[in-house]
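Visitor: I have a structure I would like to understand better, so I am pasting it below and will then ask my questions one at a time.
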Amino acid sequence: MVHGEAWTIKEFFVYPNEYIYWSIQIVMYPFMTGLVAGAFVLSSLYHVFGVKQLKDIARFSLVFSLALLPVAMLPLLLHLQQPMRGINVMMTPHFTSAIAAFGIVFSTYGMIVASEIWFVYRQFIVETVMELRAKPQRRAVESLQLALYSMLSLGAMDLSPEAMHKDERAIGILAGIGIPVACFLHGYAGFIFGSVKANALWMTPLMPVIFICSAIVSGIALCIATYIITMEIRKLIFNRKRKSNPRLPSIEELKSAEIQVVTITVKYLVMFLVLAITLELLDLIFRSYTAVKSWDILRSVIYERDFFKIFVLQYGLGDLVPFIIFLMPRLTIRRALVGSLLVLMGVFMMRWNVVIGGQAFSASFSGFMDYKLPIWPTSVELYKEGLFGALTVIITPFVLFYLVTRVLPVFGIKDSH
Amino acid sequence: MKNHVWRPLVIVLAIVGGILIVRTLLVPKDFGIQERGYMYGWHRKSNEAEWKKYPVKYKTAVICRECHKDQYDDIKDSPHHSISCENCHGPNYDHPQNPLGLKIDRSRGLCIRCHAYLPYKDSARANIPGIDPEKHYPQAECVMCHYPHDPRRSNPKYQKSEVKS
Amino acid sequence: MMNRREFCKNAMIMAGGIMIPLTALEVFNPSRLHAEKDGKGKVRWVFLVDLHKCVGCGFCVKACKIENDVDWDANVTRTWVERYVVTKGMPGEEPKTYIDSPKGCRDGFITQKIDQASMGLKDIKPEQISKAFFVPKLCNHCENPPCVQVCPVGATYQTQEGVVLVDRTWCIGCGYCVMGCPYGVRYFHPELHVAEKCTLCYHRLCRGMKTACVDACPFGARRVGNIRDPEDPVTKIITTEQVNVLKEEFGTKPQVFYLGYSMEVK
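Chains as they are written, first to last, in the working numbering: chain Z, 14 to 430; chain C, 15 to 179; chain U, -19 to 246.
Written out as structure tokens, the structure is:
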């Protein structure tokens, strides 16, 4: 069977070789890079612009963006027909292609995030090394830990006030460079689509900007949601532990800190949400007003075939409902969680409607293609390009986040950053 | 490099250097910018030669005529003269060396590619005699009545009675 | 005085510097970044399709599939033929165009019913038909091939003669070229899992032959020629008669020319 045939249903006239070649993994790819970029921008709001209230969530979202980073690449690897040759992008980059920059932009960004985390955690790493070294008798696990942390310290053991000050400045600079790079990483994901002149729905110079805005929206929403869930888990753990250690903060203390962080973060979320919706609507209005050759088929896709996915799921449940939820007075944790989960769903639907919607019509403008998401993986290809492949991509960052926080804890460290 | 701040940068440079070294090892020597410039000609030059070597399967009627002059003469004045031998007899491949390579397609499916009637008056199809494949002797092969090399003649190999029965 | 540590460091930097040859940076040579237009070669292959002559027999598709080892039953093809049937329209109703290309016309058009894919077969009464014609399609071997422009690794390229080819050993299978082609000529090879397309029978042209589809066409509806040879009959037709190309608005400068083009052609 030809690639794409398993999940494409053609209607009327479609060129013989046309199938939905870019399926669920290419929906996941901008969605995941968007989360990476958004999480990083959120952490930079504290590090660069000094939004003090975001201190608690800044460290959290920085580590989360590190955990998300490898996952931004995962859907691409799952999508490639020749994943083993993926390295060719670094070997013989053809820079007239938007994808060629991926290797370089992605690794630059990865290095910036990793370096920033190194500076943020240097004090913790060095202190851990000192602590472990001081122990006269080390267990096997502790020896391993010592080796790991010594390696992570890169031999920079200086914790003098001057050295710490240098760290601070390095973090500021890296976070500052990181914002444009994060925006570029994601804006160029938009460029990958926006520059395909063969696709009437994708080709618009607004695409990179729309992608950046929705990226930031989704990244912030994910950080809020994950932050709330993590805090709930911490509350449960603290409840149990407080019996032995009464000095731990009480539930009320945690709660008030939590709602404060969430309220501030939601403000930024709403700001970017407004920007994203404005741009998307501008694009739609412009298309219908200019009504070039492709508009007839685009209109039947947007207003008829994909109406539910675009206007109900994406704009209605994904934008309008959370907008109301966030702006209603007296925001509660639960409402914030529901709102940010809806925003995540809305951004996912936006990716879906762009990627799949862009292939919902034939380049002949005389027929349509319907996408049937493969559910049960009866072959490797149907796993990779199906529901379970997408679920793998969604679950991996949380597993990675858990693993990273084993080494670099997000909560309960005292330091100056 | 006394300042610890530069340590991550050293690692970054090491990674970049590593990639460039791997690049010299993995990239074929003849990969580069060819005649059409970087935009359209960035490729491995030897791939062109690989495509040139691709085996030819249809050798054209000129080759057939070298040995099968009688068959060529048989068809050359017929309305079917423009149909290449290999369209019905199959692609030549390495025919003289391997005489079994050719497989003649005598099926109705082959004939009705042109001779299935389509009601398109202005199309070139209208110039070709057409039949309704479902009504015109559906049980028979076309070659039982029509001589493929010259459709104006009946096929000497078959008798009309075979078809009718 | 250099200590051991510094010596090691410097030595490694030196070794690294030597290991990275300047060729690794060839890409960044600005003088070679631009496409070298107006190639210097004597040959630039072009294709000419005469829509008045095509009868939709599909011998070209069959020959192409066999010549180029395109899987016979796979629902992809390097070249195909489309059928356009335009109805007369009724009072108060506009004429409609129906298009189909069942199996890419591998077995020819042998029925009047129009294949509407999952919408079934459409039967149009002969008296309803105002015009009908067949349109062979193949890779346009564009002068500005967007598929080549978007390949991230240089696995697809254009030869000096204008033929767009795919390096099957280097393609990563990202599908960007498939999405980048406005004509839908590209697909994934069912077994090799790399981008696949019409090679304009490069192997035959190099041997002084014509493409398999040209040789298989009994009606002379397909022709291949060299636009840089003013004596070439194809060049003469293109320069003296009214020809058209497909989707000119994309700026791809397609090199497959059509005689008898009609505005219904997609």
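Think of the CB as a built atom: it goes at the ideal place given N, C-alpha and C, for glycine as much as any other residue. This structure is a prediction, so every number in the text was calculated from the model and none was measured.
Threshold first: 4 residues or longer. Then list the alpha helix (DSSP H) segments lying entirely within the stretch 189 to 229 of chain U, N to C.
Guide: Here the runs fully enclosed are 192 to 196 and 213 to 220.
Visitor: So the candidates are Z:F374, Z:G402 and Z:R312; which of them puts its Cα closest to the Cα of Z:L386?
Guide: As a working note, residue 386 of chain Z is residue 373 in the first sequence. Out of Z:F374, Z:G402 and Z:R312, Z:G402 has the C-alpha closest to the C-alpha of Z:L386.
Visitor: Looking only at its chain, what residues have a beta carbon closer than 7 Å to the beta carbon of U:K190, apart from the 5 residues adjacent to it on each side?
Guide: By one-based count along the third sequence, residue 190 of chain U stands at place 210. Cβ within range, chain order: R184 and V204.
Visitor: Which residues, in order along the stretch 82 to 105 of chain C, keep a beta-carbon less than 7 Å from a beta-carbon of chain U?
Guide: Listed in sequence order: S96, I97, S98, N101 and P105.
Visitor: Taking U:T219 as the reference, which of U:K227, U:F237, U:H169 and U:L172 has the closest Cα?
Guide: Translated into positions along the third sequence, residue 219 of chain U becomes position 239. Measuring from the Cα of U:T219, the nearest candidate turns out to be U:F237.
Visitor: If you draw a straight line from the C-alpha of Z:P88 to the C-alpha of Z:V49, how long is it?
Guide: Mapped onto the first sequence, residue 88 of chain Z falls at position 75. Mapped onto the first sequence, residue 49 of chain Z falls at position 36. If you take the alpha carbons of Z:P88 and Z:V49, they lie about 14 Å apart.
Visitor: On the criterion of 16 or more Cβ atoms from any shown chain inside 10 Å, does C:E80 qualify as buried, or is it exposed?
Guide: The residue you call residue 80 of chain C lines up with position 66 of the second sequence. Burial call: exposed.
Visitor: My parser needs the beta strand (DSSP E) runs of 3 or more residues fully inside the stretch 88 to 135 of chain U; what are they?
Guide: Counting whole runs of 3 or more residues, the stretch 88 to 135 of chain U contains the beta strand (DSSP E) stretches 109 to 117.
Visitor: Relative to the C-alpha of U:G155, which candidate in U:G142, U:A135 and U:E141 has its C-alpha closest?
Guide: Along the third sequence, one-based indexing puts residue 155 of chain U at 175. With distances taken between Cα atoms, U:G155 lies closest to U:A135.
Visitor: Which residues in chain U have a C-beta closer than 7 Å to the C-beta of Z:E129? List them in chain order.
Guide: Working through the first sequence from its first residue, we reach residue 129 of chain Z at position 116. None at all; the shortest Cβ gap to chain U is about 25 Å.
Visitor: Beta carbons nearer than 8 Å to chain Z: which residues of the stretch 159 to 187 of chain U have them?
Guide: Residues M159, G160, C161, P162, Y163, G164, V165, R166, Y167, F168, P170, H173 and V174.
Visitor: What residue range does the beta strand (DSSP E) around Z:T21 cover?
Guide: On the first sequence, residue 21 of chain Z is found 8 positions in, with the first residue counted as 1. Note, Z:T21: beta strand (DSSP E), T21 to F25.
Visitor: How far does the beta strand (DSSP E) with U:T77 in it reach, from first residue to last?
Guide: Along the third sequence, one-based indexing puts residue 77 of chain U at 97. T77 to D80 is the span of the beta strand (DSSP E), which, as asked, contains U:T77.
Visitor: Below 8 Å, can you find three or more Cβ-Cβ pairs linking the stretch 374 to 391 of chain Z to the stretch 48 to 68 of chain Z?
Guide: Output reads no: the stretch 48 to 68 of chain Z does not touch the stretch 374 to 391 of chain Z.
Visitor: To test your reading of the DSSP string, which unbroken beta strand (DSSP E) runs of 3 or more residues are found completely within the stretch 256 to 330 of chain Z?
Guide: If we require 3 residues or more, the stretch 256 to 330 of chain Z turns out to have no beta strand (DSSP E) run fully inside it.
Visitor: So, does the CB of U:P1 fall closer than 9 Å to a CB anywhere in chain C?
Guide: As a first step, residue 1 of chain U is located in the third sequence; it is residue number 21 there, counting from the start. Since pLDDT at U:P1 reaches only 47, below the 50 mark, its modelled position is unreliable, and no value is offered.
Visitor: By the DSSP assignment, the alpha helix (DSSP H) with Z:E394 in it spans what residues?
Guide: Your numbering for residue 394 of chain Z matches position 381 in the first sequence. Note, Z:E394: alpha helix (DSSP H), V393 to K397.
Visitor: Could you name each continuous alpha helix (DSSP H) segment of 4 residues or more that falls completely within the stretch 64 to 135 of chain Z, going from the start of the chain to the end?
Guide: DSSP runs (the alpha helix (DSSP H)) wholly in the stretch 64 to 135 of chain Z: 68 to 92 and 101 to 104.
Visitor: Just the Cα atoms here: how many angstroms apart are Z:G329 and Z:V279?
Guide: Locating residue 329 of chain Z in the first sequence gives position 316, where the first residue counts as 1. Locating residue 279 of chain Z in the first sequence gives position 266, where the first residue counts as 1. Their backbone Cα atoms lie some 19 Å apart in a straight line.
Visitor: Could you check the C-alpha separation between U:R166 and Z:I70 for me, to the nearest Å?
Guide: Counted from its first residue, the third sequence places residue 166 of chain U at position 186. Counted from its first residue, the first sequence places residue 70 of chain Z at position 57. If I take the Cα positions, the gap works out to 47 Å.
Visitor: Identify whether U:E176 lies in helix, strand or coil by the three-state DSSP scheme.
Guide: Residue 176 of chain U sits at position 196 when you count from the first residue of the third sequence. Reduced to three states, the DSSP call for U:E176 is strand.
Visitor: Taking contact to mean at least 3 C-beta pairs separated by less than 8 Å, is the stretch 248 to 258 of chain Z in contact with the stretch 401 to 416 of chain Z?
Guide: No: the two stretches stay apart, fewer than three of their Cβ pairs being nearer than 8 Å.
Visitor: Give the residues of chain U in contact with Z:V118, contact being defined as C-beta atoms less than 7 Å apart.
Guide: Looking up residue 118 of chain Z in the first sequence gives position 105. In chain order: nothing, as chain U lies at least about 12 Å away.
Visitor: For Z:K397, tell me which candidate among Z:V40, Z:A270 and Z:Y28 has the shortest Cα-Cα distance.
Guide: Sequence index remark: in the first sequence, residue 397 of chain Z carries index 384 (1-based). Closest by alpha carbon: Z:V40.
Visitor: Ordered along the chain, which non-local residues of its own chain (more than five positions away) have a Cβ less than 8 Å from that of Z:Q273?
Guide: The residue labelled residue 273 of chain Z in the question sits at position 260 within the first sequence. Contacts found: Q66.
Visitor: Thinking C:C102 and C:I118 are a contact (beta carbons under 8 Å), I'd like their distance in whole angstroms, please.
Guide: As a position in the second sequence, residue 102 of chain C is number 88, starting the count at 1. As a position in the second sequence, residue 118 of chain C is number 104, starting the count at 1. About 6 Å; that satisfies the 8 Å criterion.
Visitor: Hey, out of U:W150, U:M99, U:D80 and U:R24, whose CA is closest to C:F45's CA?
Guide: Within the second sequence, residue 45 of chain C is the residue found at index 31, counting from 1. When only C-alpha atoms are compared, the closest one is U:W150.
Visitor: So, is the C-beta of U:P106 closer than 9 Å to a C-beta in chain C?
Guide: Start at 1 with the first residue of the third sequence, and residue 106 of chain U comes out as number 126. True, the Cβ-Cβ gap to chain C drops below 9 Å.
Visitor: In the DSSP assignment, the beta strand (DSSP E) including Z:D383 goes from what residue to what residue?
Guide: One-based indexing of the first sequence puts residue 383 of chain Z at position 370. Taken as a continuous stretch (DSSP letters only), the beta strand (DSSP E) holding Z:D383 covers G380 to Y384.
Visitor: Comparing C-alpha positions only, which one of U:G69, U:K102, U:E74 and U:P71 sits nearest to U:P82?
Guide: If you number the third sequence from 1, residue 82 of chain U lands on position 102. When each option's Cα is compared against that of U:P82, the closest is U:K102.
Visitor: Identify the continuous alpha helix (DSSP H) that holds U:W25 and give its terminal residues.
Guide: Locating residue 25 of chain U in the third sequence gives position 45, where the first residue counts as 1. No alpha helix (DSSP H) contains U:W25, which is instead part of the beta strand (DSSP E) from W25 to D30.
Visitor: Find the residues of chain C that neighbour Z:H107, judging by a C-beta separation of less than 7 Å, and give them in chain order.
Guide: The residue given as residue 107 of chain Z occupies position 94 in the first sequence. Neighbours of Z:H107 on chain C, chain order: W56.
Visitor: Can you give the beta carbon distance from U:V61 to U:C85, rounded, assuming they're within the 8 Å contact cut?
Guide: On the third sequence, residue 61 of chain U is found 81 positions in, with the first residue counted as 1. On the third sequence, residue 85 of chain U is found 105 positions in, with the first residue counted as 1. At roughly 4 Å, the Cβ-Cβ gap stays under 8 Å, so U:V61 and U:C85 are in contact.
Visitor: Distance, Cα to Cα, Z:G63 vs Z:A113?
Guide: Translated into positions along the first sequence, residue 63 of chain Z becomes position 50. Translated into positions along the first sequence, residue 113 of chain Z becomes position 100. Near 35 Å, if we compare the C-alpha coordinates of Z:A113 and Z:G63.
Visitor: Between the alpha carbons of C:L34 and Z:G200, how many angstroms are there, rounded?
Guide: Your numbering for residue 34 of chain C matches position 20 in the second sequence. Your numbering for residue 200 of chain Z matches position 187 in the first sequence. Roughly 27 Å between the two C-alpha positions.
Visitor: Specify the secondary structure class of C:F45 as computed by DSSP and reduced to three states.
Guide: Residue mapping note: residue 45 of chain C aligns to position 31 of the second sequence, counting from 1. C:F45: strand per DSSP, three-state reduction.
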